[in-house]
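Undergrad:
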Amino acid sequence: MTRTPTYAALTAVGALLLSGCVAGEGSAVADDDGGEGAWSADTLTVDFATYNPLSLIVREQGWLEATLGPDVTVEWVQSAGSNKANELLRSGAVDVGSTAGSAALLARANGAPIHTIALYDQPEWSAIVVPEGSDIDSVEDLAGRSVAATRGTDPYFFLVQSLEEHGVDIDDVEVQNLQHADGRVALENGSVDAWAGLDPIMADTEINAGSQLIYRNVDFNTYGFLNATEDFLSESPDLAQVVVDAYEKAREWAAENPEETVEILAEVAGIEPAVAEKVVLERTNLGIDAVPGDAQRAVLEVVGPIFVETRDVSTQEEIDEALETLIDDTWARAADATTITEGGS
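Quick note on numbering: the sequence shown equals residues -23 to -1, 1 to 322 in mature numbering (1 follows the signal peptide of the UniProt record, and there is no 0).
Structure below.
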């Protein structure tokens, strides 16, 4: 179920139409004198993340900068995980940030003023990982063991769902709350027995350290959600549309240039091409419809009650409200890659 566009968003988009400028057409918003001269803001802050290949393409190609021109300064901020992206969004440090669907729901249920405006991929980016030579070969074996996981992210909720499916109480597992990269280090140096991993770090330890994925389930991985703050959407719907349009162009570009997409991920993440290839070509579906809707809501309806059970959200009512208000598909439905100007890359 998708959310009805906000009144503020519709009003702002309507103002653009009346001024002769349609949001996302690569043209400027009318200035105070009635002529074209400025966008709705002079700065756009967007995150990029190694778990979001489309963000890396948009940044590498310089499309936002080329489309918006000299009147808008584009600032890029790296997100180390969904939890960090949520912190950036909540603080207003970024206008647009990329998270897992579960993390977006968690943030919205806990009062973060964000909306999901598009999808960037359907990944299999999480699994249960053990070090080479481990005597753990099933989820059941995690009882009484220590597991690294980043709370508020898809790998953490992957762990929770995996334990529940296999009849292991989460209280029977020592969960160490470590950021993704630190969890990988803890796994390899023996500080923890297992890790709820995240690509591309997970693929790297698999290839270079012999770590083993003992449990995989693509259905426990929520989609990649592109989120924006409510203030940004109400005040700068034109810039929001440009971002979504650029993502659509990146989706097309990735399909036409898979090897180059692998190269970009390898360079930004500091990983070998073989690792990036495993992530991009084997575990990431970039060719999905950008419009969030019923399929994503269905996944989140499964995850939502877990938040209450783990006390990450106080009540189911808060989950239900977040499910009703998180998604705003206004911009994804209007996405048009042809509005984007080629950059200099």
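Built from N, CA and C at the ideal position, the CB exists for glycine as well. This structure is a prediction, so every number in the text was calculated from the model and none was measured.
DSSP three-state label for tyrosine 97, please.
TA: Tyrosine 97: strand per DSSP, three-state reduction.
Undergrad: With DSSP collapsed to three states, give me the class of glutamate 249.
TA: Coil.
Undergrad: Report the rounded CA-to-CA distance for valine -2 versus leucine 210, giving the unit in angstroms.
TA: Caution applies to valine -2, whose pLDDT of 39 falls short of 50 and renders its modelled position unreliable; the value that the coordinates give is listed next. Taking the straight line joining both Cα atoms gives about 15 Å.
Undergrad: Round the Cβ separation of valine 252 and proline 132 to the nearest angstrom and send it over; I've been treating them as touching at under 8 Å.
TA: Contact doesn't hold; Cβ gap of about 17 Å is too wide.
Undergrad: Between Ile105, Phe25, Glu183 and Leu66, which lies nearest to leucine 242 when the distance is taken from Cα to Cα?
TA: Ranking the options by Cα distance to leucine 242, first place goes to Phe25.
Undergrad: What would DSSP say about isoleucine 113, mapped onto helix, strand or coil?
TA: Three-state DSSP puts isoleucine 113 in coil, outside helix and strand.
Undergrad: Please name the residue in Gly281, Gly58, Ile304 and Asp222 whose C-alpha comes closest to that of alanine 311.
TA: It is Asp222.
Undergrad: Short of 6 Å in beta carbon distance, which residues of its chain neighbour leucine 136, apart from the five on each side in sequence? Order them along the chain.
TA: Closer than 6 Å at the Cβ level, and outside the excluded window around leucine 136, lie Ala126 and Ala173.
Undergrad: Quick check on this structure: which residue in Ser188, Ala227, Asp313 and Gly78 has the alpha carbon closest to the alpha carbon of alanine 299?
TA: Measuring from the Cα of alanine 299, the nearest candidate turns out to be Gly78.
Undergrad: Do the stretch 54 to 62 and the stretch 100 to 119 meet, that is, are 3 or more Cβ pairs less than 8 Å apart?
TA: Cβ pair count under 8 Å is below three, so no.
Undergrad: When the Cβ atoms of the stretch 61 to 69 are set against those of the stretch 260 to 272, are three or more pairs found closer than 8 Å?
TA: Contact between the stretch 61 to 69 and the stretch 260 to 272 is absent, because fewer than three Cβ pairs lie under 8 Å.
Undergrad: Spatial neighbours of glutamate 151 within its chain, please: C-beta separation below 6 Å, excluding the five flanking residues on both sides.
TA: If we look at glutamate 151 and ignore the five residues flanking it on each side, its Cβ neighbours are Ser123.
Undergrad: Below 8 Å on the Cβ atoms is my guess for valine 145 versus leucine 175; work out the distance and round it to an integer in Å.
TA: That pair is no contact at about 21 Å.
Undergrad: Could you check which residue in Ile94, Asp48, Thr130 and Leu31 has the C-alpha nearest to that of isoleucine 304?
TA: Answer by Cα proximity: Ile94.
Undergrad: What does the alpha-carbon distance come out to for the pair glutamate 142 and glycine 74?
TA: Rounded to the nearest angstrom, the two C-alpha atoms are 31 Å apart.
Undergrad: Starting from glutamine 55, follow its DSSP beta bridges and name the residues at the other end.
TA: In DSSP, glutamine 55 forms a bridge with Phe25.
Undergrad: Are the Cβ atoms of tryptophan 168 and proline 108 separated by less than 8 Å?
TA: It is worth fixing the name first, because residue 168 is serine in this sequence and not tryptophan. No, the pair does not count as a contact, with Cβ atoms beyond the cut-off.
Undergrad: Rounding to the nearest angstrom, what Cα-Cα distance links residue 383 and alanine 180 in this structure?
TA: A query on residue 383 cannot be resolved here, the shown segment of the chain reaching from -23 to 322 and no further.
Undergrad: Write down the C-beta distance between glutamate 225 and alanine 314 rounded to the nearest angstrom, noting that I regard them as a contact closer than 8 Å.
TA: At roughly 4 Å, the Cβ-Cβ gap stays under 8 Å, so glutamate 225 and alanine 314 are in contact.
Undergrad: Please tell me whether serine 213 and serine 17 are closer than 8 Å, where the distance is taken between their beta carbons.
TA: Cβ atoms of serine 213 and serine 17: closer than 8 Å.
Undergrad: What ranges does the beta strand (DSSP E) occupy inside the stretch 173 to 242, keeping only unbroken runs of at least 3 residues that lie completely in it?
TA: Fully enclosed beta strand (DSSP E) runs of 3 or longer: 189 to 192 and 201 to 206.
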